[in-house]
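J.:
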Amino acid sequence: MKIVLLGPPGAGKGTQAKSISNRYSIPHISTGDIFRKNISENTPLGIEAKKYINDGQLVPDDVTINMVKDRLQQEDCKNGYLLDGFPRTVHQAEALQLFLQDRGESLDTSLCIDVPKEFILERMTGRRVCPSCGASYHVKFNPPIVASKCDVCGSDIIQRKDDADETVRERLDVYERQTQPLIDFYSSKDLLSVVDGTKAINEVFESICRILGSDK
Ligand code: ADP
Ligand code: ADP
Ligand code: ZN
């Protein structure tokens, strides 16, 4: 199964992706997580990406597309994958379509987690993440069991630099300008399902499973 997750920053893509990945046994590929890992390891890709990420801007398409193509050719992707945070521009979506076409493959669906703007600011400013495994928490809506420790791996959880108030607003603008058009892109190809992301985390997951069904 090949799935693309869409939705504004803070919609709950990463949170749902962890559950979908477990339930359907497909790798969760988060471009944000890959960039953050490269930043923490100070790789050339990380140094380049950091310039954009900390300002709430998108990393250039060519850099991002090449990185994703490399990732999708790894062994663990041969039975499918879940893309979280990619594509984010129409150009990226077109590159993904071409990549799939060249291999005689296609997407199963894109899932949009729909959350209105009013909810987003609180979700993003209250978000805490695990720098080791990428798990996402929320100080109010989804706190870890032990204060400040990741439930999955026990690392100290942190606040992302780009989750500060002013960068959040910039990212929402970027989303509206560059990523929202993907909703029409996938809808016109009959590849769009929408779930109500304002519900509780487990309810959103149930809606997603109803759409994806029981096949793997
Ligand atoms: P969120 O879901 O909260 O927006 P992500 O972890 O998906 O956060 O992304 C964090 C940042 O990484 C983005 O604001 C952007 O700078 C960069 N990024 C992630 N994915 C892409 C992409 N597909 N294209 C360009 N930049 C990206
Ligand atoms: P995204 O990957 O789309 O940027 P995350 O999965 O990181 O979003 O979620 C953003 C924040 O909102 C996190 O702090 C997360 O714990 C919280 N969150 C996710 N889904 C919900 C939900 N359905 N209700 C309330 N808070 C949520
Ligand atoms: Zn962790």
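Those letters in the sequence shown? Residues 181 to 396, by my numbering.
Backbone N, C-alpha and C fix where the C-beta goes; we use that ideal spot for every residue, glycine too.
All values reported here derive from a predicted model rather than from experimental measurement.
Could you tell me the alpha carbon to alpha carbon distance between Pro189 and Leu263, rounded to whole angstroms?
T.: Computed Cα separation, rounded: 14 Å.
J.: Looking at the secondary structure, which residues open and close the alpha helix (DSSP H) in which Lys217 lies?
T.: Taken as a continuous stretch (DSSP letters only), the alpha helix (DSSP H) holding Lys217 covers Thr211 to Ser220.
J.: Quick check for students: name the residue ranges of the alpha helix (DSSP H) that lie wholly in the stretch 276-332, counting only runs of 4 or more.
T.: Runs found: 297-305.
J.: Taking the beta strand (DSSP E) that Tyr261 falls in, what are its first and last residues?
T.: Unbroken beta strand (DSSP E) run through Tyr261: Tyr261 to Asp264.
J.: Less than 7 Å between the CB of Arg303 and some heavy atom of ligand 2, yes or no?
T.: Yes, Cβ of Arg303 sits closer than 7 Å to a heavy atom of ligand 2.
J.: Identify, in the order they occur along the chain, each residue of the same chain with its Cβ nearer than 6 Å to the Cβ of Asp260, setting aside the five sequence neighbours on each side.
T.: Checking the sequence, you will find Gly at residue 260 rather than Asp. So the list reads Met181, Lys182 and Ile206, once near-sequence residues are dropped.
J.: Can you grab the Cα-Cα spacing for the pair Gln237 / Ile293, in whole Å?
T.: Whole-angstrom Cα-Cα distance: 21 Å.
J.: Which residues mark the beginning and the end of the alpha helix (DSSP H) in which Asp242 is found?
T.: Start and end: Asp241 to Leu252.
J.: Within 8 Å, do at least three Cβ pairs link the stretch 381-394 to the stretch 193-206?
T.: Judged by Cβ distances under 8 Å, the stretch 193-206 makes contact with the stretch 381-394, as three or more pairs qualify.
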